[in-house]
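Residue numbers (the numbering used here): 127 to 635. In this text, a Cβ means the ideal position worked out from N, Cα and C, and glycines have one as well. Here the structure is a predicted model, which means the values were calculated and not measured. The next block holds one structure in the form of structure tokens; read it before the comments.
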Amino acid sequence: MPYAIELLNITKRFARTVANDDVTLKVLAGSIHALVGENGAGKTTLMETLYGLYQPDAGAIRIHEKEVTIKSPHDSIKLGIGMVHQHFMLVPPLTVLENIVLGAETTKNFFIDLKKTTAEISELAEKFSLNVPLTEKVENVGVGIQQRVEILKAIYRKADILVLDEPTAVLTPQETVQLFKILAELKEQGKTIVLITHKLNEVMAISDHVSVMRKGKIVGHLETPKTNPQEIAQLMVGRPVLLRVEKSEHKAGAPVLGVKELTYVDRRGVEALKSVSLDVASGEILGIAGVEGNGQSQLVECITGLIRPTSGSITINGVEIVGLNAREVFARGLAHVPEDRIKRGLVIDLSIKENLILSLQALPQFSSRLSMKRAEITSNAELLIQKYDVRPPDPNAITRGLSGGNQQKVIIARELSRNAEVIIASQPTRGVDIGGIEFIHRTLVTARDSGKAILLVSADLNEILSLSDRIAVMYSGRIVKIFPDNKVEESELGLYMTGSNQELIREAK
Ligand SMILES: Nc1ncnc2c1ncn2[C@@H]1O[C@H](COP(=O)(O)OP(=O)(O)OP(=O)(O)O)[C@@H](O)[C@H]1O
Ligand SMILES: [Mg+2]
127 MPYAIELLNI
137 TKRFARTVAN
147 DDVTLKVLAG
157 SIHALVGENG
167 AGKTTLMETL
177 YGLYQPDAGA
187 IRIHEKEVTI
197 KSPHDSIKLG
207 IGMVHQHFML
217 VPPLTVLENI
227 VLGAETTKNF
237 FIDLKKTTAE
247 ISELAEKFSL
257 NVPLTEKVEN
267 VGVGIQQRVE
277 ILKAIYRKAD
287 ILVLDEPTAV
297 LTPQETVQLF
307 KILAELKEQG
317 KTIVLITHKL
327 NEVMAISDHV
337 SVMRKGKIVG
347 HLETPKTNPQ
357 EIAQLMVGRP
367 VLLRVEKSEH
377 KAGAPVLGVK
387 ELTYVDRRGV
397 EALKSVSLDV
407 ASGEILGIAG
417 VEGNGQSQLV
427 ECITGLIRPT
437 SGSITINGVE
447 IVGLNAREVF
457 ARGLAHVPED
467 RIKRGLVIDL
477 SIKENLILSL
487 QALPQFSSRL
497 SMKRAEITSN
507 AELLIQKYDV
517 RPPDPNAITR
527 GLSGGNQQKV
537 IIARELSRNA
547 EVIIASQPTR
557 GVDIGGIEFI
567 HRTLVTARDS
577 GKAILLVSAD
587 LNEILSLSDR
597 IAVMYSGRIV
607 KIFPDNKVEE
617 SELGLYMTGS
627 NQELIREAK
């Protein structure tokens with residue numbers, strides 16, 4: 127079979143970082159090729175180079191066995207390459223249809239032939255089982271649908287090579303199954319697909335080949351049916367990895383965090399939280415499962431003092447904290463790993479060492495009455511960088527230049543090294559590689575064993591199931607179910623999460 131993509135000896139540098147170091151990757155036409163590797167390994171850079179967002183410093187690209195120069199996404203689209211980025215690039219107030227045709231209008235003037243276009247897109251949607259509501263505004267559809275819109279958009283531009291960068295990070299298990307059906311269908315119809323992912327079960331489930339990157343280099347090309355998750359993980363990380371969390375029985379103590387009948391009505395008048403009650407005991411991890419946008423963010427923001435609930439109570443060791451601001455709540459013994467690391471967790475133009483003491487500057491450990499203790503701040507950073515394997519291991523590196531997974535490690539390091547009694551962890555391993563996940567999971571379990579009360583919010587069911595001692599499911603602003611342990615099937619959780627289990631949900635109300 128001929129190659130659809132040949133990236134030959136590609137090198138790409140950013141200042142001192144060699145993001146891609148003499149990388150050669152060949153993808154057979156009509157196949158699904160997984161690209162895996164640690165955070166910062168260079169996966170996104172390589173694919174964005176193929177898509178024309180970066181120019182390689184050295185190397186050549188061949189598409190369908192012809193050497194090409196790709197100076198911009200415009201060039202790559204003309205060559206039949208489409209890319210679905212991890213952060214979707216749709217325009218929320220426009221309709222699905224408008225988003226699909228945006229920038230691809232085929233007519234000479236600005237007016238598109240609505241009827242003809244709708245018919246064309248409907249036909250494509252049907253052919254590839256990409257069901258989308260064409261006249262609905264993008265802001266009103268969920269992430270799973272948005273992703274289909276992105277795929278449809280690429281196909282409408284006649285892409286026969288499709289690159290997806292961590293497409294399942296925000297999907298429910300059901301949506302992931304749907305996406306994989308679509309990918310299989312696309313392959314069936316002759317398309318070539320490159321899939322970047324950190325999830326090895328996905329690699330095994332759908333790919334024909336898998337290439338592994340580490341530190342800018344390719345360290346292995348494997349045929350999926352002839353390998354296994356252990357082998358891939360070892361290649362990725364360079365050592366054997368525990369793919370399962372080791373966890374002893376939990377011995378929950380007294381409730382530490384208490385949430386009672388919490389409601390929150392947002393500025394638009396939407397009731398984002400509807401009488402939410404839960405508690406988290408010392409020595410336990412309570413996992414909150416749910417599709418994003420069902421109130422989890424507001425719940426966490428209320429608890430951490432970022433927004434004020436409309437009614438209800440939140441207590442730490444019986445003491446009311448509603449009405450305190452974030453700083454005051456932290457002072458009462460709360461640590462927070464926020465879901466939006468750029469907005470809430472980091473000041474990305476500061477150095478790693480400064481981010482590692484963010485909101486802790488005032489502690490006597492780091493400052494005296496007159497000045498900051500520079501040596502202590504640096505040695506604190508050196509210690510945490512080493513412990514959490516932050517790369518680059520340079521306390522003075524500016525956080526903006528770190529890969530997503532490494533930015534996340536900086537936040538985790540800061541929040542888990544504080545001596546807080548309650549830890550709120552939102553999507554703690556989103557975008558983190560398996561070595562990093564193993565480490566973060568172990569750290570959370572150790573914190574639990576030392577008596578911390580941990581509230582874990584995650585869209586990743588594997589994470590919920592493997593870490594939680596009890597599981598609460600949120601749907602539409604409510605806790606619709608609390609499982610007393612973690613012995614529940616993913617599919618059953620999925621039903622509660624999507625509100626499909628209406629009867630059971632009514633029962634839970
Ligand atoms: N625009 C940029 N400027 C400076 N450095 C960059 C830039 N983009 C990427 N890098 C660096 O290049 C390296 C590779 O980054 P890349 O984003 O390709 O990694 P990745 O494999 O996609 O990682 P992740 O799994 O965390 O998404 C990292 O060290 C990163 O810090
Ligand atoms: Mg990436």
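Is residue 170 near ligand 2, in the sense that its beta carbon is under 6 Å from a heavy atom of that ligand?
yes
Please check the pair residue 205 and residue 194, which I expect to be a contact at CB under 8 Å, by giving their CB distance rounded to whole angstroms.
Contact between residue 205 and residue 194 is confirmed by a C-beta separation of about 6 Å, below the 8 Å threshold.
Specify the secondary structure class of residue 381 as computed by DSSP and reduced to three states.
strand
What's the call for residue 253, buried or exposed, on a 16-neighbour Cβ count within 10 Å?
Exposed, by the Cβ-count rule.
Assuming residue 452 and residue 430 are in contact, meaning their beta carbons sit under 8 Å apart, how far apart are those beta carbons, in whole angstroms?
Contact flag correct, Cβ pair sits at about 6 Å.
Should residue 537 and residue 580 be called a contact, given that it needs their Cβ atoms to be closer than 7 Å?
Going by C-beta atoms, residue 537 is not nearer than 7 Å to residue 580.
One or two residues paired with residue 335 in a DSSP bridge:
159 and 349
Determine, using beta carbons only, whether residue 415 and residue 271 come nearer to each other than 7 Å.
no
To the nearest angstrom, how far is the alpha carbon of residue 666 from that of residue 133?
This structure cannot speak to residue 666, because the chain is shown only from 127 to 635.
If you draw a straight line from the alpha carbon of residue 196 to that of residue 172, how long is it in whole angstroms?
C-alpha separation (whole angstroms): 13 Å.
Put residue 318 into one of helix, strand or coil per three-state DSSP.
strand
Ordered along the chain, which non-local residues of its own chain (more than five positions away) have a Cβ less than 8 Å from that of residue 210?
273, 276, 277, 280, 288, 289, 290, 291 and 293
Please classify residue 480 as buried or exposed, where buried requires at least 16 other C-beta atoms within 10 Å of its C-beta.
buried
How big is the Cα-Cα spacing for residue 202 and residue 188?
12 Å
Looking only at its chain, what residues have a beta carbon closer than 7 Å to the beta carbon of residue 623, apart from the 5 residues adjacent to it on each side?
298, 415, 416, 417, 599 and 601
So who's on the other strand from residue 208, going by DSSP bridges?
288
Start and end residues, beta strand (DSSP E) containing residue 556
Here residue 556 belongs to no beta strand (DSSP E), and DSSP marks it neither H nor E.
Below 8 Å on the Cβ atoms is my guess for residue 421 versus residue 165; work out the distance and round it to an integer in Å.
At roughly 29 Å, the Cβ-Cβ gap does not stay under 8 Å, so residue 421 and residue 165 are not in contact.
What did DSSP end up calling residue 517 once you bin it into helix, strand or coil?
coil
Please report how far the alpha carbon of residue 461 lies from the alpha carbon of residue 366, in whole angstroms.
31 Å
Please say whether residue 475 and residue 526 have beta carbons closer to each other than 7 Å?
yes
Could you tell me whether the region 567-587 touches the region 400-411, using the rule of 3 or more Cβ pairs below 8 Å?
yes
Inspect the beta-carbon positions of residue 542 and residue 411 and report whether they are closer than 7 Å.
It is not a contact, given that the beta carbons lie outside the stated cut-off.
Can you tell me whether residue 429 is helix, strand or coil according to DSSP?
helix
With burial defined as no fewer than 16 other Cβ atoms inside 10 Å of the residue's Cβ, what is the status of residue 266: buried or exposed?
A residue is called buried when at least 16 other Cβ atoms come within 10 angstroms of its Cβ; residue 266 does not meet this threshold and is exposed.
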